[in-house]
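Since the structure comes first, as structure tokens, the remarks are kept for the end.
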Amino acid sequence: MTPTPVAEAEAPDVPVSNSNSNQPPYPRLRAYIVGVPLLMGVCLLSVYADMVSIVVQFGVLQFAPPAIAVLFIVAGINTLLKKKTSRTFLSSADLVAIYAMMLTGVLVSTRGVVEKLIVPLTYLPYYATRENKWNASMTQYLPKWAVPFAPSAQAGPPPEVISEFWQGVAPGHPIPWSAWVGPICAWFALVGAVIWVFLCLSALLRRQWMDNEQLRFPLTTLPLAVIRDEVEGQPFWSNKTMWAGFVVAFLVFLVNGMSANFPDLVPKIVTDMNLMPYFSERPWNQMDYTAMYFSLAAVGFLYFLPVEMLFSLWFFFIAARLQDVGAVTFGGVPQGIGTHNARIFTGYQAAGAYFVLIGAQIRIGWPFFVAAWRTAFGPKDRRPLDDSGEILSYRTAFIGLFVGFSFIIGWLTFAGMNPWLAIMQMGLYIFFIAIIMSRGVAEAGFLMTETSFLPSHVIALLTPLAGFGPQSLTMMGAANAVFCRDQRGGLLSSFMDNQKIMRELGIKPRRMLLPLGGSVVFSMVVSTIFFLYLNYTKGELALYGYPKQNAMQMFTLADAQIKGSGYQPDATAYGGMVVGVVTTLVLTWARAQFSWFPLHPLAYALAPTWAMIALWFPCLVAWAVKSITLRFGGVETYRKIAPFMLGLIGGEFCSAVFWALGNMTRGWSTPNFPWP
1037 MTPTPVAEAE APDVPVSNSN SNQPPYPRLR AYIVGVPLLM GVCLLSVYAD MVSIVVQFGV
1097 LQFAPPAIAV LFIVAGINTL LKKKTSRTFL SSADLVAIYA MMLTGVLVST RGVVEKLIVP
1157 LTYLPYYATR ENKWNASMTQ YLPKWAVPFA PSAQAGPPPE VISEFWQGVA PGHPIPWSAW
1217 VGPICAWFAL VGAVIWVFLC LSALLRRQWM DNEQLRFPLT TLPLAVIRDE VEGQPFWSNK
1277 TMWAGFVVAF LVFLVNGMSA NFPDLVPKIV TDMNLMPYFS ERPWNQMDYT AMYFSLAAVG
1337 FLYFLPVEML FSLWFFFIAA RLQDVGAVTF GGVPQGIGTH NARIFTGYQA AGAYFVLIGA
1397 QIRIGWPFFV AAWRTAFGPK DRRPLDDSGE ILSYRTAFIG LFVGFSFIIG WLTFAGMNPW
1457 LAIMQMGLYI FFIAIIMSRG VAEAGFLMTE TSFLPSHVIA LLTPLAGFGP QSLTMMGAAN
1517 AVFCRDQRGG LLSSFMDNQK IMRELGIKPR RMLLPLGGSV VFSMVVSTIF FLYLNYTKGE
1577 LALYGYPKQN AMQMFTLADA QIKGSGYQPD ATAYGGMVVG VVTTLVLTWA RAQFSWFPLH
1637 PLAYALAPTW AMIALWFPCL VAWAVKSITL RFGGVETYRK IAPFMLGLIG GEFCSAVFWA
1697 LGNMTRGWST PNFPWP
């Protein structure tokens, strides 16, 4: 893992300036007056879009469309008012606070917390039968204080509070709110501890990633341009090139929305394509699922990445598919890892790559981490760093990290999980998987964060999981469903992006703790209430199927592990881990030795994921556009195109919010957006 160069001729940052430099560097009361009602609306819309509209999935992206739409509207109105009155009603700090609240609200309301939290608490008793005996093997081991029913080993019909959740309450029957108060509070404590640990980690990683390694944080490019009202030396809102990109993207999905509502009158513009029918013969038909999703917003983001990173991302995705072809050619049978869109061999390669990347991160950042520790706990007159400008002091971050992680392990242990298993599972999740996912966002501009293995896949290399017993494995299944299986919507990367924006605009980070922390709590409460309302009025069976699928996969896996019939790591798994470690070491060494070497180890680690299925084609398009632009037009042409790319992002995301609102309020059919 090599530091990103401070200056790179091929990909200069979009130059913008702070137009509100005379305003206080912290949010004022007016930011909350504007932001809190909008936050409630964003939470309600996000839950509805994901669960009812279904094809508009706000929660799968780290750069949430509703947050951008709100920022566009609020900042646009603010700019108009400034022109009319010569007064700035909302400062940069106010706008950042509003944006941070919206981004946090979307992630918490959807895939980041609520979608993964509620359904697993109801899944087992509803799907337990006399044949699968899940009540005896798993349900009875759920702590009664953590679920809205009385766990039992007996087979039989599910409790009423559970059946009504899945099927909907009968007309005139009340929603059983009281049954959920205790369990929700218990799980909120655990989720809150995980989010707190992420905040502490973000405080400890901020200086190393932003100042020392100069990572790009591409997802902050558009918010910074909007908030500063400047792009390429021109006001953002009057930039014709930006508006051209906005209109192009908006029109594509306007046409597709009209097609969804009037299919006989309006043809659809194709934005996704399943490629598997084109590979119908062996060995090509043995490739893992491959499709093309053409998101204009993704191309817009990826345009600001280095050419070598773009090349590495799509190259390693194709290489992962060719591994399947090679295995079949030589008599092998590629097997899926079962929990992610990866093969056993490639999934364990990614796991090996993660370990090397984390090791490289520690090695590169060791001088800083030592200095941060000495600043936190050394004598006041010999502290090497000034941490007054960080979102948390280093002392608070280190102590908070220890206390928060200890609480997480204590919670899971009290719930019945073996403490050593809890330490391994949550340690791998927080300190390996989540950090690599955030690194992917900060360095590779990943709109979507997804991994290719569970912590239990790594733990199984060391010890048989069945030996931990049914109670531990049941709780591990629950924790997998809530935290480990799906990494989309993770808050660590959003904390890092928000700090990057604060840093660029000269905003005091600690004054942003209230909007950040407050939006987490507010969003969890509002979205949980609305999520439960939708489930009890419509029935979970009638809503988006992903939350059910997530719970089903994790508890089916837990049941197999309990019964000793689950996958046991073999030579394929151990070999994949070794190949992943060796390949990543070689890539890291080559990039350190040869400045021209184009292949990035982070892209190798991210290759066998659902995120790359969705993003490999936009990576290829952005790589081609940027390479041709720099080769034949130079940096000047690159800069001229940059506003157009920002417009593509705004147009696609604002269109998504437009159609989601239309579906929620008017019942319109919504077009498919190419971020599945």
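Numbering (my numbering), first residue to last: 1037 to 1712. Where a beta carbon is used, it is the ideal one built from N, C-alpha and C, also for glycine.
From the beta carbon of Phe1108, is the nearest beta carbon of chain C less than 8 angstroms away? Absence of chain C from the displayed structure is noted, only one protein chain being present.
Kindly identify the DSSP beta-bridge partner or partners of Asn1708. For this step, residue 1708 is matched to residue 672 along the sequence shown. Asn1708 pairs with nothing; no bridge assigned.
Based on the DSSP output, what are the partners of Tyr1329 in its beta bridges? Along the sequence shown, one-based indexing puts residue 1329 at 293. In the DSSP output, where bridge partners are listed per residue, Tyr1329 has Asp1308.
Quick one: what does DSSP say Gly1505 is sitting in, helix, strand or coil? Counting from 1 along the sequence shown, the entry for residue 1505 is found at position 469. Of the three classes helix, strand and coil, the one that applies to Gly1505 here is helix, per DSSP.
Cutoff 8 angstroms; reference Gly1372; Cβ partners in own chain excluding five residues on either side: The residue labelled residue 1372 in the question sits at position 336 within the sequence shown. For Gly1372, where only same-chain residues beyond five positions count, the Cβ hits under 8 angstroms are Asp1324, Ala1378, Arg1379 and Ile1380.
What residue from Phe1347, Leu1568, Pro1403 and Glu1576 has the CA that sits closest to Phe1633's CA? Stepping through the sequence shown from its first residue, residue 1633 is reached at position 597. Of Phe1347, Leu1568, Pro1403 and Glu1576, the residue nearest in Cα terms is Phe1347.
Using the Cβ count rule (16 or more neighbours within 10 Å means buried), how would you classify Glu1151? Here residue 1151 is taken as the residue at index 115 of the sequence shown, counted from 1. In summary, Glu1151 is buried, with 16 or more beta-carbon neighbours lying within 10 Å of its beta-carbon over all protein chains present.
Rounded C-alpha distance that separates Val1110 from Leu1501: Counted from its first residue, the sequence shown places residue 1110 at position 74. Counted from its first residue, the sequence shown places residue 1501 at position 465. In a straight line, the C-alpha of Val1110 is about 52 angstroms away from that of Leu1501.
By alpha-carbon positions, which one of Phe1694, Ile1685, Glu1486 and Ala1136 ends up nearest to Leu1549? As a first step, residue 1549 is located in the sequence shown; it is residue number 513 there, counting from the start. Here the closest residue by C-alpha is Ala1136.
Give every residue of the same chain whose Cβ lies closer than 8 angstroms to the Cβ of Tyr1339, excluding the five residues on either side of it in the sequence, and list them in chain order. Position 303 of the sequence shown, counting from 1, holds the residue named residue 1339. The residues are Ala1658, Val1661, Lys1662, Ile1677, Ala1678 and Met1681.
Leaving aside the five residues before and after Phe1282 along the sequence, list all residues of the same chain whose C-beta is less than 8 angstroms from its C-beta, in chain order. Within the sequence shown, the letter at position 246 stands for residue 1282. In its chain, beyond the 5 residues on either side, Gly1683, Leu1684, Gly1686, Gly1687 and Cys1690 have a beta carbon closer than 8 angstroms to the beta carbon of Phe1282.
Who are the Cβ neighbours of Ala1596 in its own chain at under 6 angstroms, not counting the five residues just before and after it? Your numbering for residue 1596 matches position 560 in the sequence shown. Once the five neighbours on either side are set aside, the close Cβ partners of Ala1596 are Gly1602.
Less than 8 angstroms between the C-beta atoms of Leu1235 and Phe1531, yes or no? For the purposes of this step, residue 1235 is taken as residue 199 along the sequence shown, with counting starting at 1. For the purposes of this step, residue 1531 is taken as residue 495 along the sequence shown, with counting starting at 1. The Cβ atoms of Leu1235 and Phe1531 lie closer than 8 angstroms to each other.
Applying the 10 Å Cβ sphere with the 16-neighbour rule, what's the burial state of Arg1667? Numbered from its first residue, the sequence shown carries residue 1667 at position 631. Counting Cβ neighbours within 10 Å, Arg1667 comes out exposed, since fewer than 16 surround it.
Would you mind listing the alpha helix (DSSP H) stretches within the stretch 1150-1229 that are 4+ residues and don't spill past its ends, in chain order? Those alpha helix (DSSP H) runs which fall completely within the stretch 1150-1229 and span 4+ residues are 1150-1153, 1156-1163, 1170-1173 and 1196-1203.
For Met1294, which residues of its own chain have a beta-carbon under 6 angstroms away from its beta-carbon, when the five flanking residues on both sides are left out? Working through the sequence shown from its first residue, we reach residue 1294 at position 258. Cβ within range, chain order: Val1302.
Nearest to Val1183 by CA position, among Ala1355, Gln1203 and Trp1213, is which residue? Sequence index remark: in the sequence shown, residue 1183 carries index 147 (1-based). Comparing Cα-Cα distances from Val1183 to each of Ala1355, Gln1203 and Trp1213, the minimum goes to Trp1213.
Going by DSSP in three states, Gln1270 sits in which element: helix, strand or coil? Taking the first residue of the sequence shown as 1, we reach residue 1270 at position 234. Three-state result, Gln1270: strand.
Under the three-state DSSP convention, the category Gly1141 falls into: Within the sequence shown, the letter at position 105 stands for residue 1141. The answer is helix: DSSP assigns Gly1141 an H, G or I state.
What residue ranges within the stretch 1487-1546 form continuous alpha helix (DSSP H) runs of no fewer than 4 residues, ordered along the chain? 1491-1498, 1505-1515 and 1527-1541, all fully within the stretch 1487-1546.
So, with DSSP's three-state summary, where would you put Gly1368? Residue 1368 sits at position 332 when you count from the first residue of the sequence shown. Note: Gly1368 maps to coil in three-state DSSP.
Between the beta-carbon of Arg1147 and the beta-carbon of Gly1463, is there less than 8 angstroms? In the sequence shown, counting from the first residue as 1, residue 1147 sits at position 111. In the sequence shown, counting from the first residue as 1, residue 1463 sits at position 427. No. Outside cutoff.
What is the C-beta distance between Leu1160 and Phe1591, in whole angstroms, given that I count them as a contact (C-beta under 8 angstroms)? In the sequence shown, counting from the first residue as 1, residue 1160 sits at position 124. In the sequence shown, counting from the first residue as 1, residue 1591 sits at position 555. 6 angstroms between Cβ atoms; contact.
Work out the CA separation of Val1262 and Leu1107 for me, nearest whole Å. What you label residue 1107 is simply residue 71 of the sequence shown in a count that begins at 1. What you label residue 1262 is simply residue 226 of the sequence shown in a count that begins at 1. Distance between the alpha carbons of Leu1107 and Val1262 is about 8 angstroms.
Span of the alpha helix (DSSP H) around Gly1581: The residue labelled residue 1581 in the question sits at position 545 within the sequence shown. Going by DSSP, Gly1581 is part of no alpha helix (DSSP H) at all; its letter is neither H nor E.
Arg1675 in three-state terms, based on DSSP: Position 639 of the sequence shown holds residue 1675. Note: Arg1675 maps to helix in three-state DSSP.
Does the distance from the C-beta atom of Ala1387 to that of Gly1616 stay below 8 angstroms? Numbered from its first residue, the sequence shown carries residue 1387 at position 351. Numbered from its first residue, the sequence shown carries residue 1616 at position 580. In this structure, Gly1616 lies closer than 8 angstroms to Ala1387 by Cβ.
Contact check, Ile1543 vs Ser1238, beta carbons under 8 angstroms: Sequence index remark: in the sequence shown, residue 1543 carries index 507 (1-based). Sequence index remark: in the sequence shown, residue 1238 carries index 202 (1-based). No. Outside cutoff.
Have a look at Leu1697 and Leu1139 and give me their C-alpha separation to the nearest angstrom. To locate residue 1697, count along the sequence shown from 1; it is residue 661. To locate residue 1139, count along the sequence shown from 1; it is residue 103. Their Cα atoms are separated by approximately 17 angstroms.
Here's the rule: buried if 16 or more other CB atoms are within 10 angstroms of the residue's CB, otherwise exposed. What is Pro1254? Numbered from 1 along the sequence shown, position 218 holds the residue referred to as residue 1254. By the neighbour-count rule (16 or more Cβ atoms within 10 Å), Pro1254 is buried.
Local conformation of Arg1147 per DSSP, three classes: As a position in the sequence shown, residue 1147 is number 111, starting the count at 1. In the structure shown, Arg1147 adopts coil according to DSSP, grouped into three states.
Opposing strand residues paired with Arg1379 [DSSP bridges]: Taking the sequence shown and counting its residues from 1, one reaches residue 1379 at position 343. DSSP lists Gly1372 as partners of Arg1379.
Buried or exposed by the 16-neighbour rule on C-beta atoms within 10 Å, applied to Phe1489: Translated into the one-based positions of the sequence shown, residue 1489 becomes position 453. Phe1489 is buried by the Cβ-count criterion.
Backbone CA spacing between Ala1609 and Gly1368 [nearest angstrom]: Working through the sequence shown from its first residue, we reach residue 1609 at position 573. Working through the sequence shown from its first residue, we reach residue 1368 at position 332. Between the C-alpha atoms of Ala1609 and Gly1368 there is a straight-line separation of about 14 angstroms.
Cβ of Leu1621 within 8 angstroms of Cβ of Leu1635? Looking up residue 1621 in the sequence shown gives position 585. Looking up residue 1635 in the sequence shown gives position 599. Not closer than 8 angstroms, so no.
Rounded separation between Ile1664 and Thr1673 - CA only: For the purposes of this step, residue 1664 is taken as the residue at position 628 of the sequence shown. For the purposes of this step, residue 1673 is taken as the residue at position 637 of the sequence shown. Answer to the nearest angstrom: the Cα atoms are 10 angstroms apart.
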